Each structure stands twice: as structure tokens, then as C-alpha cells.
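Sequence positions in the sequence shown follow mature numbering (1 follows the signal peptide of the UniProt record, and there is no 0) and run -40 to -1, 1 to 275. Built from N, CA and C at the ideal position, the CB exists for glycine as well. Just so it is clear, the structure is predicted and the values come from calculations on it, not from any experiment. Comments concern the structure below.
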Amino acid sequence: AWTHFVANEDIARVSCNSQMLTKLLCATLLCCTIAPVCLANLCPCEDQTLCNPIEYDGKEVYAFVGESNRTEWTQYDWTRITTIALFGWYDPELMCHAHKNKARVVGLGVIPKADLTSDDKVDKWIADQLSYAKERFLDGINIDVEYDIDAGSPEVDALTRFMGKVRDRFHQALPHSQVTFDVPWSPYNVKGTGIDGRNYNFTALADVSDFLFVMAYDERSQVFDTDCLAQANSDLFWTAGGLMAYLKLGVDPDKMVLGLPWYGYDYQCVRTGPDRTCFIKEVPFRNVSCSDAAGVQVPYVEIKHLVDISRGAPI
């Protein structure tokens, strides 16, 4: 997804201290218990039923959404979208609009790698994410860690246990919630190791998640070719090969959702070769000398404009 980040206002919350109850007259829509502090999350939707969880168990059309306003997201095809994943921000108006159209809204979570092997830190992290989701009437969480993990290290199994805990606790606290995990476009690179060093147990992660979101983009994050060349951000044949590799591992196809990009890369060619081959500057990423970090991400709308004005001529 082509995304930016922003912090929006949280849903209004009202709290009152039990010691002040004799001095305050609380509104009828706020009910306080005898606990020292009580918290009421007020539904921001005009139709209060829109804060109820969404129940859906069919095929997914899943969209990551960054900072945007209603002039943008009201233009989405809401007859198709089933889940909106908010990428680093929150908008109560979008939540209400999505729920009105029977689409889930989920948050995004990233736990530090160093915390994976600590039960206490994992438990606290999950509790914090659950509180965040409940306060904002969200329908689940998407886990997008993307860090490198060495094959055979304790973090491999720890990541799987972590995901199992997240799903179990979200499903228990929010019965219709959705818990998903982002995976690279393929389980393996051409060297037979994990993409970008992500040596995860993908079959186990699929088992303990509602589904895996396959990120079929940034496919040139590590370039192992003899020459450092500019190539497609999301190549048809590489993407198909990655999906087949997951199937060969035994991942259930019903547990995968294919993610495609709405952006590409603009590269500066240091020289060109036959058939307009573009040689690019070597910019290393995770111990590989060539990567797409040599380019600049460009949104789909700009790419489409270039294609339109080129009228089929080389750009």
C-alpha cells in the first residue's frame, strides 16, 4: 500500500473518580462502578450499533490504509472491501463508515524482537493491544514484524507461540475478531534462505493465525544477481512462484490472502545496457550488496500518468 503515518484523535473517553461521585452528577450514558476509576468508551458513530463487531467468514478483499481523509476513503469500492487495516493511525469516522458497509477495521501491531522470548513482555504487549482495540471498536489486529530471525534460533518458535497467544486472547476477548500475520512474497530467496533473513515457521504461523497476508511487493529487497539491476516491484512470475512455494510447504491456500502494491520504484540508472537494462547503484540491505533501497517509492497514480502520456513509447 502507498501509505503515510499520522496520529489522529482517539475516541473520546470519560472517566470519573469514585471519591468525587458525591460532588458530580454523571450523565445517564456514563455508568460508574464502585471501582476507584471507571472508564466508559463512547461510540463515536451516529448510529450506535455501528460500534458492534463485524461478523464475516468469507473470502477477503483486504486493504491497508494510511493517513487519508473522507474525500479519499469514501471513494473506495465498499461493495468489495471486507477488511481495512489502519497503517499507523486511527480515524473514528472511517471506522463508522467501514462498519456501515459491513467491513472490518483492524489495527497494526509490531512487538520488538527482543521481547518475543519473555512471557511477561508478550502478555503485557497483548493486553495493551487488546485495550487499544476495545477502546476504538476495532475488529482485530494485523501483525507486521518483518524482522530477520536466524534459522534454528529460539525466536523462531517464540514468534509462533506469540502469534498463537495473540489469536487466542483476541478471540476470547473479541469473539468475532480477526488476527493475521504478514509474510514475504515467498518463504525462500534464490539462496534457499528466508527473504530478508525472515526464517520463520510459515506453516505453523498459518496454523495459529486466521490467515497470512502475502506481501507480494518489494521483491527486489535483496538482489542476488551478478549485476545490480532495476526490476519490477511485484513481478508476475516471482509472485506466482512465491505462492507455489508456500503451497509446497503445506500452507492451506484458504489461509493466504495475496497483497499487491499500489506503488512502484523510480531508479536512477548509473548506466544502461542492451534492451534498456538499467544498472543501479549498489545499496546494501541485510548483508546483501544490492537492493531496491537504491530507488524511490512512487505511488500508482504517478506511474499511471507516466504510462498514459507515454502512449506505449519507452519511458
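Note to self: Please classify L90 as buried or exposed, where buried requires at least 16 other C-beta atoms within 10 Å of its C-beta.
What the structure shows: The residue labelled residue 90 in the question sits at position 130 within the sequence shown. Flag for L90 reads buried.
Item checked: alpha helix (DSSP H) segment containing F130, residue limits -> For the purposes of this step, residue 130 is taken as the residue at position 170 of the sequence shown. Run containing F130: 114 to 133, per the alpha helix (DSSP H) assignment.
Next item on the list: Give a yes or no on contact between the segment 52 to 59 and the segment 70 to 77, applying the rule of three or more CB pairs nearer than 8 Å.
Entry: No, the segment 52 to 59 does not touch the segment 70 to 77.
Check: To the nearest whole angstrom, what separates the beta carbons of V139 and V126, a pair I think is in contact under 8 Å?
Finding: Taking the first residue of the sequence shown as position 1, residue 139 is located at position 179. Taking the first residue of the sequence shown as position 1, residue 126 is located at position 166. With 8 Å as the limit, V139 and V126 qualify as a contact, their Cβ atoms being about 6 Å apart.
Next item on the list: Identify the continuous beta strand (DSSP E) that holds C238 and give its terminal residues.
Entry: Taking the sequence shown and counting its residues from 1, one reaches residue 238 at position 278. Here the beta strand (DSSP E) through C238 covers 238 to 240.
Note to self: Runs of 3 residues minimum, wholly inside the segment 125 to 196: which ones carry the beta strand (DSSP E) assignment?
What the structure shows: The segment 125 to 196 contains, as complete beta strand (DSSP E) runs of 3+ residues, the segments 138 to 144, 171 to 175 (chain order).
Item checked: Check whether P13 and D99 have beta carbons under 8 Å apart -> Residue mapping note: residue 13 aligns to position 53 of the sequence shown, counting from 1. Residue mapping note: residue 99 aligns to position 139 of the sequence shown, counting from 1. Contact flag set, yes.
Next item on the list: Kindly indicate which three-state DSSP category G202 falls into: helix, strand or coil?
Entry: Position 242 of the sequence shown, counted from the first residue, corresponds to residue 202. Looking at G202 - three-state DSSP - the assignment turns out to be helix.
Notebook entry, point to check: Taking the Cβ atom as the reference point for each residue, do G255 and Y223 lie within a distance shorter than 8 Å?
Noted result: Walking along the sequence shown from the start, residue 255 turns up at place 295. Walking along the sequence shown from the start, residue 223 turns up at place 263. Not a contact, by the Cβ cut-off of 8 Å.
Checklist line | Pairwise C-alpha distance: S169 and S194 | finding: Working through the sequence shown from its first residue, we reach residue 194 at position 234. Working through the sequence shown from its first residue, we reach residue 169 at position 209. Cα to Cα, S194 sits roughly 25 Å from S169.
Next item on the list: Might you give, ordered along the chain, the residues of its own chain that have their beta carbon closer than 8 Å to the beta carbon of G154, omitting 5 neighbours on each side?
Entry: Sequence index remark: in the sequence shown, residue 154 carries index 194 (1-based). Non-local beta-carbon contacts of G154 in its own chain, meaning distances under 8 Å to residues more than five positions away in sequence, involve D108, I109, A111, P144, P147, Y148, Y160 in chain order.
Note to self: Need the endpoints of the alpha helix (DSSP H) that V217 sits in, please.
What the structure shows: In the sequence shown, residue 217 corresponds to position 257, counting from 1. Looking at the DSSP string, V217 is not in any alpha helix (DSSP H); the run it does join, the beta strand (DSSP E), is 216 to 219.
Margin query: Once the 5 residues before and after G210 are set aside, which same chain residues still bring their CB inside 6 Å of it?
Written below: Within the sequence shown, the letter at position 250 stands for residue 210. So the list reads T163, once near-sequence residues are dropped.
Next item on the list: Go through its chain and collect everything with a Cβ distance to I103's Cβ below 6 Å, but skip five positions before and after it.
Entry: By one-based count along the sequence shown, residue 103 stands at place 143. Cβ neighbours of I103 beyond the five flanking positions: G69, F141.
Notebook entry, point to check: In terms of residue numbering, what span does the alpha helix (DSSP H) encompassing P259 cover?
Noted result: Translated into the one-based positions of the sequence shown, residue 259 becomes position 299. Where P259 is concerned, there is no enclosing alpha helix (DSSP H), although the beta strand (DSSP E) it sits in stretches over 256 to 259.
Item checked: Member of Y50, W49, V21 whose CA lies at the smallest distance from the CA of K62 -> Taking the first residue of the sequence shown as position 1, residue 62 is located at position 102. Of the listed residues, the one whose Cα sits closest to K62 is V21.
Item checked: Where V248 sits in the DSSP three-state scheme -> Within the sequence shown, the letter at position 288 stands for residue 248. Three-state DSSP puts V248 in a strand.
Checklist line | Whole-angstrom distance between I263 and K241, CA atom to CA atom | finding: As a working note, residue 241 is residue 281 in the sequence shown. As a working note, residue 263 is residue 303 in the sequence shown. Taking the straight line joining both Cα atoms gives about 22 Å.
Check: Candidates V258, A45, T232: which alpha carbon is nearest D187's?
Finding: Here residue 187 corresponds to residue number 227 of the sequence shown, with the count starting at 1. Nearest of V258, A45, T232 to D187, Cα basis: T232.
Checklist line | Beta-ladder partner(s) of A111, from DSSP | finding: As a first step, residue 111 is located in the sequence shown; it is residue number 151 there, counting from the start. DSSP output for A111 lists no bridge partner at all.
Item checked: CB-CB length for S251 against V183, believed under 8 Å -> As a position in the sequence shown, residue 251 is number 291, starting the count at 1. As a position in the sequence shown, residue 183 is number 223, starting the count at 1. Right, the Cβ-Cβ distance comes to about 6 Å (below 8 Å), so this counts as a contact.
Check: Relative to the ligand HEM, is the shortest distance from any of its heavy atoms to the C-beta of L203 smaller than 7 Å?
Finding: Of the ligands one can find in the structure shown there are none, so the ligand HEM has no counterpart to examine.
Item checked: Three-state secondary structure (DSSP) of C56 -> Mapped onto the sequence shown, residue 56 falls at position 96. If DSSP states are grouped into helix, strand and coil, C56 belongs with the helices.
Next item on the list: Report the residue from Q35, N1, G18 whose alpha carbon sits nearest the alpha carbon of D214.
Entry: Counting from one through the sequence shown, the residue named residue 214 turns up at place 254. The shortest C-alpha separation from D214 is found at G18.
Next item on the list: Would you list the one or two residues that DSSP bridges to C229?
Entry: If you number the sequence shown from 1, residue 229 lands on position 269. Answer is I240.
Next item on the list: Counting only runs of 4+ residues fully inside the segment 33 to 79, write out the alpha helix (DSSP H) ranges in chain order.
Entry: 52 to 60
Item checked: Residue from H59, P135, A118, V267 with nearest C-alpha to T34 -> Position 74 of the sequence shown, counted from the first residue, corresponds to residue 34. If we check each option's Cα against that of T34, H59 comes out closest.
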